[in-house]
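Shown next, in structure tokens, is the structure this report addresses.
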Amino acid sequence: SQGLEKTVAEYKLRVSKIKAVAEDKQRATAQKFQDILIVKDKALAKANQSLTDHIAKIKVLSEQIEGFRAEVNDSRKKLDKTREELEFARKEEKAARHDVEEFHKEKKRYE
Numbered sequence: 001s002q003g004l005e006k007t008v009a010e011y012k013l014r015v016s017k018i019k020a021v022a023e024d025k026q027r028a029t030a031q032k033f034q035d036i037l038i039v040k041d042k043a044l045a046k047a048n049q050s051l052t053d054h055i056a057k058i059k060v061l062s063e064q065i066e067g068f069r070a071e072v073n074d075s076r077k078k079l080d081k082t083r084e085e086l087e088f089a090r091k092e093e094k095a096a097r098h099d100v101e102e103f104h105k106e107k108k109r110y111e
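For the sequence shown, the positions run 1 to 111 when the UniProt record's numbering is used.
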């Protein structure tokens, strides 16, 4: 009976050691996963901040582009107006030349 009790005690000791080792491994694995999650969360936060920064830069660039478009449209309108004024001035000049030619013809007729 004593031999049996000794064997049972040895098995219980072995089982408790195996349990302790398994629990240590489980704790170590859980800690590794926890560390991985912390690193992942930090990386996600950094990526999210980077994305937020890029979105802000894109917004600023979009506003600048809209400003440039407005300036270009303004310049086009001014250019169109200048073209119209130039065309009008050319017509006026042509009419004035015609008037001068007519004046010279009339002048020669009376001379």
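Where a beta carbon is used, it is the ideal one built from N, C-alpha and C, also for glycine.
Separation of residue j from residue i, as counted between CA atoms
i, j, result
"Ser50", "Val60", "15 Å"
"Asp74", "Ile55", "28 Å"
"Ala22", "Lys46", "36 Å"
"Ser62", "Arg76", "21 Å"
"Arg106", "Lys81", "Sequence check: residue 106 is Glu here, not Arg. For Glu106 and Lys81, the distance between alpha carbons rounds to 37 Å."
"Asp24", "Leu13", "16 Å"
"Ala95", "Glu66", "43 Å"
"Leu86", "Glu111", "37 Å"
"Arg97", "Phe103", "10 Å"
"Glu92", "Ala70", "33 Å"
"Val100", "Phe68", "47 Å"
"Asp35", "Arg27", "12 Å"
"Asp53", "Ala30", "34 Å"
"Val39", "Phe33", "10 Å"
"Lys42", "Ile58", "24 Å"
"Arg90", "Gln64", "38 Å"
Residue range of the unbroken alpha helix (DSSP H) whose run includes residue i
i, result
"Ser50", "2 to 110"
heavy atom of the ligand ZN below 6 Å from residue i C-beta
i, result
"Asp99", "Ligands displayed in this structure: none; no statement on the ligand ZN is therefore possible."
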